[in-house]
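Data block below; observations after.
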Amino acid sequence: EPEVTQTPSHQVTQMGQEVILRCVPISNHLYFYWYRQILGQKVEFLVSFYNNEISEKSEIFDDQFSVERPDGSNFTLKIRSTKLEDSAMYFCASTGAGYQETQYFGPGTRLLVL
Amino acid sequence: AQSVTQPDIHITVSEGASLELRCNYSYGATPYLFWYVQSPGQGLQLLLKYFSGDTLVQGIKGFEAEFKRSQSSFNLRKPSVHWSDAAEYFCAVGASSSASKIIFGSGTRLSIRP
């Protein structure tokens, strides 16, 4: 069964450093998302992406964040200058273009900012 | 405002006992409802979803959920739990559009008593 993959599974970085989280969505999917889950809290929507543009973003998704689909398979989330409060599990998801499509989630990248 | 409430933070049931996890939602339009499960350190797996039709939906792993519009509820049930069902369960709501974000509840942690 096709699945969403994410790399790395864990990343530790110093505050102020840039990080790039990578995702490979399911191959025929057209809509892509990033969510995050701070330890012990609910999963929160960050951004949705379609046709090489951001469709919607939350108030969490400020200027420190950016997304890109650099080629036909990868979908990345960049955090320009990490803060302690960016420590979280980041989930990528993708879905097809049909009606009532399901969002499939990747296994997540656990980011720790020191 | 769109929101999902899971009133039970933590539930413990005995193996073989029945289970019901509560979920209430607030959503302006016709909701598209989901239950996801997250095992420790793992990603989000879709258990079941509801958009229209029969208000009792069957999912994977023997789970089912019932949509009650009058109560704005979408409770998850299982007649007999197994030790492997111990996990975090998230109720979520979205729109039918593929571009729509999913809004998650805060989750219910399920523990199984041997």
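Residue numbers (the working numbering), protein chains in the order written: chain A, 354 to 467; chain B, 66 to 179.
Think of the CB as a built atom: it goes at the ideal place given N, C-alpha and C, for glycine as much as any other residue.
In this text, all values refer to a predicted model and were calculated from it rather than measured experimentally.
(message) Taking 7 Å as the limit between beta carbons, can you name the residues of its chain near A/Y403, skipping five residues before and five after?
(response) Your numbering for residue 403 of chain A matches position 50 in the first sequence. Closer than 7 Å at Cβ, skipping near neighbours: L383 and Y384.
(message) Please state the DSSP three-state secondary structure of A/R422.
(response) For the purposes of this step, residue 422 of chain A is identified with residue 69 of the first sequence, where counting begins at 1. Correct three-state label for A/R422: coil.
(request) May I ask you to list, following chain order, the residues of the stretch 355-374 of chain A that have a beta carbon less than 7 Å from some beta carbon of chain B? (result) none
(request) For A/V420, return the contacting residues in chain B, with the cut-off set at a CB-CB distance below 9 Å. (result) Residue 420 of chain A sits at position 67 when you count from the first residue of the first sequence. Result: empty, since nearest Cβ-Cβ is about 14 Å, beyond 9 Å.
(request) Would you kindly report the start and end of the unbroken beta strand (DSSP E) that includes B/C156? (result) As a working note, residue 156 of chain B is residue 91 in the second sequence. Segment A152 to G159, the beta strand (DSSP E) holding B/C156.
(message) Rounding to the nearest angstrom, what Cα-Cα distance links A/T429 and A/I373 in this structure?
(response) Taking the first residue of the first sequence as position 1, residue 429 of chain A is located at position 76. Taking the first residue of the first sequence as position 1, residue 373 of chain A is located at position 20. In a straight line, the C-alpha of A/T429 is about 7 Å away from that of A/I373.
(request) Step through the CB atoms of chain B and report whether any lies within less than 7 Å of the CB of A/T429. (result) One-based indexing of the first sequence puts residue 429 of chain A at position 76. Cβ-Cβ to chain B under 7 Å: no for A/T429.
(request) Enumerate in chain order the residues of its own chain whose CB-to-CB distance from B/S104 is below 7 Å, with the five nearest sequence positions on each side excluded. (result) Residue numbering aside, residue 104 of chain B sits at position 39 when the second sequence is read from its first letter. Same-chain partners within the cutoff: A152.
(message) Let me see if you follow: with CB-CB separation under 7 Å, is A/G472 close to chain B or not?
(response) One cannot answer for residue 472 of chain A here, as it falls past the ends of chain A, which runs 354 to 467.
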